[in-house]
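Taking it in order: structure first as structure tokens, then the write-up.
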Amino acid sequence: MILPSNLNKSTTGRPIRSETIYLLPLRFYLIQLILLVMTGLLFSWLSRNESWDIALSRVWFDPVTQQFPWKDNRWLDLINHRLLKDLVIVGAVIALLAGVVKRNALLVLVTLLIGVGPLVVGMLKATSAHSCPWDLIEFGGKAVSWPLFSSVPANSGPGGCFPGGHASSGFGVMALFFWFWPRRPALAWWCFALGITLGMVMGYGQLMRGAHFLSHNLWAGWWVWLSQCLTFWCVSHLVYKMRA
2 MILPSNLNKS
12 TTGRPIRSET
22 IYLLPLRFYL
32 IQLILLVMTG
42 LLFSWLSRNE
52 SWDIALSRVW
62 FDPVTQQFPW
72 KDNRWLDLIN
82 HRLLKDLVIV
92 GAVIALLAGV
102 VKRNALLVLV
112 TLLIGVGPLV
122 VGMLKATSAH
132 SCPWDLIEFG
142 GKAVSWPLFS
152 SVPANSGPGG
162 CFPGGHASSG
172 FGVMALFFWF
182 WPRRPALAWW
192 CFALGITLGM
202 VMGYGQLMRG
212 AHFLSHNLWA
222 GWWVWLSQCL
232 TFWCVSHLVY
242 KMRA
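The opening residue of the sequence shown carries number 2 in my numbering; numbering runs sequentially from there.
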């Protein structure tokens with residue numbers, strides 16, 4: 002493992018300078034793989050019959066009006082659904098342009114990683130047969146809810162609601178981990194935690210509106226981190242081979 006005190010000195014080899022794309026040790030990826038498997042099993046258990054999802058969403062559902070009262074809330078839609086997402090996108094675009102102008106390959110890669118996760122989640126969401134809570138019979142809609150790994154019912158509704166696309170934008174901030182890791186590993190983990198927090202906050206706002214279940218957001222974070230780790234591993238090893 003690279004020690005922060007040895008970085009950016011004249012004796013530091015080019016492959017591990019903080020301004021260049023570096024290699025993470027195999028141990029890091031093995032740990033992430035174990036954690037992803039464990040959390041994947043946990044999320045699968047939570048999604049086994051949607052009881053946890055439905056129970057939590059019922060907190061924000063009005064059985065009298067058969068609607069989610071917060072669905073069209075102005076501030077929830079403006080701040081959580083629009084502003085936070087736009088801030089992440091604008092910040093990533095600015096960082097990407099700065100990386101291109103300064104020819105900073107690591108910065109370019111990190112900003113691209115911010116978009117990789119939401120892109121993967123978006124593709125999965127577009128092909129999903131799971132409908133949003135506000136479309137389900139339990140919440141005043143017409144679609145049938147069904148567990149994650151069971152067969153798709155005939156009246157599954159419009160679909161396109163799994164994993165949580167909006168939450169993935171917040172989870173994308175986890176990519177900052179790879180920017181700070183060579184120089185300030187403690188800050189890197191704080192950025193990782195920030196990405197998880199932001200993703201969960203943005204996802205919970207959508208849960209309050211009836212747009213997603215909790216499991217949709219948990220799986221969104223899972224897919225974002227998996228895609229970021231895989232992308233960084235592939236690109237860093239490709240760059241390393243090109244330098245050799």
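The beta carbon of each residue, even a glycine, is placed where N, CA and C say it ideally should be.
Just so we're clear, the structure is a prediction, and the values are computed from it rather than from any experiment.
Contact annotation: LEU37 and LEU227 have beta-carbon atoms nearer than 9 Å. At a cut-off of 4 residues, the continuous stretches assigned as alpha helix (DSSP H) that sit fully inside the stretch 136–222 are 166–172, 177–181 and 186–210.
One Cα belongs to ILE90, the other to LEU108, and the distance between them is close to 15 Å.
The beta carbon of PHE178 is closer than 6 Å to those of ALA189, CYS192 and PHE193 in its chain, skipping five residues each way along the sequence. Taking the C-beta atoms as reference points, GLY165 is found no nearer than 9 Å to SER132. Among the bridge pairs identified by DSSP, ASP63 is matched with GLN68. Fewer than three pairs of CB atoms, one per stretch, sit closer than 8 Å, so the stretch 216–233 makes no contact with the stretch 60–77. CA-CA distance, THR198 to TRP223, rounds to 13 Å.
Within the stretch 62–121, the alpha helix (DSSP H) runs of at least 4 residues that lie entirely inside it are, in chain order, 85–102. Per the coordinates, the alpha-carbon of LEU34 lies some 39 Å from the alpha-carbon of ASN74. If you check the CB distance, LEU113 and SER216 do not come in under 9 Å. A residue is called buried when at least 16 other Cβ atoms come within 10 angstroms of its Cβ; MET124 does not meet this threshold and is exposed.
Of the residues assessed, SER237 falls on the buried side of the cut-off, its CB having 16 or more other CB atoms within 10 angstroms. Around the CB of GLY92, fewer than 16 other CB atoms lie within 10 Å, so the residue is classed as exposed. For ILE22, no alpha helix (DSSP H) run applies, since DSSP gives it neither H nor E.
With fewer than 16 other Cβ atoms inside 10 Å of its own Cβ, ALA56 counts as exposed. Counting along the chain, SER45 sits inside the alpha helix (DSSP H) bounded by residues 27–47. When the five nearest sequence neighbours on each side are left out, the beta carbons in the same chain lying within less than 6 Å of the beta carbon of PHE163 are those of SER129, HIS131 and HIS217, in order along the chain. Burial is judged here by how many other beta carbons sit within 10 angstroms of a residue's own beta carbon; VAL94 has fewer than 16 and is exposed. For the pair GLY100 and THR21, the Cα-to-Cα distance works out to about 11 Å. DSSP, read as helix, strand or coil, puts ALA127 in helix.
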